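Q:
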Amino acid sequence: MDKKTFENFKTLIFEKTGIHLTEQKVALVSARMGKRMRALGIPDYDQYYKYLTNEKSGHEMVEMVNAISTNVTHFFREGRHFDFMAETLRNWSKNGLGRLRIWCAASSSGEEPYSLAITATKNTPPGTKIEIVASDISTKVLQIAKFGVYKRQDVEKIPHETMKQYFQKGTGKAQDLFRVKQELRDLISFRQINLSTPPYPVEAPLDFIFCRNVMIYFNQDLRRILVKTMVDMLKPGGYLVVGMAESLSGIHENLKSVEPSVYFKSSS
Ligand SMILES: C[S@@+](CC[C@H](N)C(=O)[O-])C[C@H]1O[C@@H](n2cnc3c(N)ncnc32)[C@H](O)[C@@H]1O
């Protein structure tokens, strides 16, 4: 891919997703766009760019966004966050907890929101109304997440008791597949939300917002706007959790760091 074509894709991708690509990402963009070109039988990058930007239905733009997003995730990733949430929920539960509202932004293929749903049901009193919104920009991963079916290797680190309680094992040809049980799926509403275009259509106030391992793709201006918007959506006393490699230092004055990558919204 030549420099000019890369610049075209870079600008378009930034406009559509907020993803900020440096010059070092030429190989990545070439590989991801190449996948779409093969699917469509288009032989060169410029031609694909023209097709993409002229295609009226917007379908190819969705496919391009699906192709450019990096969706790596796994169950109970960065496990300390789930321990922290469990401890917090047990504390909140001492004073009774009628309702718990969580937003999992950039939820990828569902492992993260299902891990949140398991942690929430295990650590709140029976009868607590648990509502989780899970969102992503990619329609492809949202489809996988909604379906809630995972391979044996995806779930092998989950303790046996948890598997028994929350997953249904397939039979016959599907014996290496595991589906999240309906009662857990029912706690989550999946929707497409682009984090680069606030305000976000999620009902506030929220007790927890998990926005992990996505801000690394954004520039500082977008991070600032995103964090401000999310802080406004949190209830006082609620928590914003970001990826372990993402720090919010200096980004928002109303947030107190309680441990690495976990931020508390104070009441003032
Ligand atoms: C590396 S995954 C992280 C998944 C999960 N949060 C975790 O920590 O395991 C990043 C996710 O961010 C999503 N993403 C990228 N840009 C986005 C945007 N502008 N709005 C919403 N989601 C976005 C991608 O589709 C991908 O699923």
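In our numbering, the protein residues as written are 2 to 269. Yeah, the Cβ is synthetic: ideal placement off N, Cα and C, and Gly gets one too. On a predicted model such as this, the values are computed, not experimentally measured, just so you know.
Ordered along the chain, which non-local residues of its own chain (more than five positions away) have a Cβ less than 6 Å from that of arginine 224?
A: Taken in chain order, the residues that qualify are Met216.
Q: Straight-line CA distance for lysine 95 to lysine 130?
A: 16 Å
Q: DSSP three-state call for serine 190: helix, strand or coil?
A: strand
Q: Between the region 140 to 158 and the region 111 to 121, can you find at least three pairs of beta-carbon atoms closer than 8 Å?
A: yes
Q: Can leucine 90 and cysteine 105 be called in contact, C-beta distance under 8 Å?
A: no
Q: Write down every uninterrupted run of the beta strand (DSSP E) in the region 116 to 184 whose length is 3 residues or greater and which is fully enclosed by it, in chain order.
A: 130 to 137, 150 to 152, 168 to 170 and 178 to 181
Q: Within the present structure, is the beta-carbon of valine 142 separated from the nearest heavy atom of ligand 1 by less than 7 Å?
A: Yes, the beta carbon of valine 142 sits closer than 7 Å to at least one heavy atom of ligand 1.
Q: So which of Arg180, Lys5 and Asp45 has the shortest CA-CA distance to glutamine 166?
A: Arg180
Q: Straight-line CA distance for alanine 68 to arginine 33?
A: 6 Å
Q: Check whether the Cβ of arginine 213 sits closer than 7 Å to any heavy atom of ligand 1, and report yes or no.
A: yes
Q: So alanine 87 is in the alpha helix (DSSP H); what residue range does that whole segment cover?
A: 81 to 95
Q: Compare the beta carbon distance of isoleucine 103 and isoleucine 133 with 8 Å and say whether it is the shorter of the two.
A: yes
Q: Going by alpha carbons, who is nearest to asparagine 9 out of Gly42, Tyr49 and Asn220?
A: Tyr49
Q: Is isoleucine 138 near ligand 3, in the sense that its beta carbon is under 7 Å from a heavy atom of that ligand?
A: Inclusion of ligand 3 in the displayed structure is not the case, the ligand content consisting of ligand 1 alone.
Q: Comparing alpha-carbon positions, which option in Val243, Ser190, Lys266 and Ile14 lies nearest glutamate 79?
A: Comparing alpha carbon positions, the residue from Val243, Ser190, Lys266 and Ile14 closest to glutamate 79 is Val243.
Q: Is the beta carbon of asparagine 72 within less than 7 Å of some heavy atom of ligand 1?
A: yes
Q: By the three-class DSSP mapping on this structure, what secondary structure does glycine 59 have?
A: Three-state result, glycine 59: coil.
Q: Which residues does DSSP pair with leucine 235 in a beta bridge?
A: Leu207
Q: Looking at glutamate 157 and ligand 1, is the gap between the Cβ and the nearest heavy atom below 7 Å?
A: The answer is no for glutamate 157.
Q: Considering only DSSP beta bridges, list what alanine 106 is partnered with.
A: Residue pairing by DSSP places alanine 106 opposite Ser136 and Cys212 in a beta bridge.
Q: When DSSP builds the beta bridges, which residues end up paired with glutamate 302?
A: Any answer about residue 302 is impossible in this case: the structure gives the chain only from 2 up to 269.
Q: Would the beta-carbon of valine 263 fall within 8 Å of that of histidine 75?
A: no
Q: With 8 Å as the threshold, decide whether the Cβ of glutamate 24 is near any Cβ in chain D.
A: Absence of chain D from the displayed structure is noted, only one protein chain being present.
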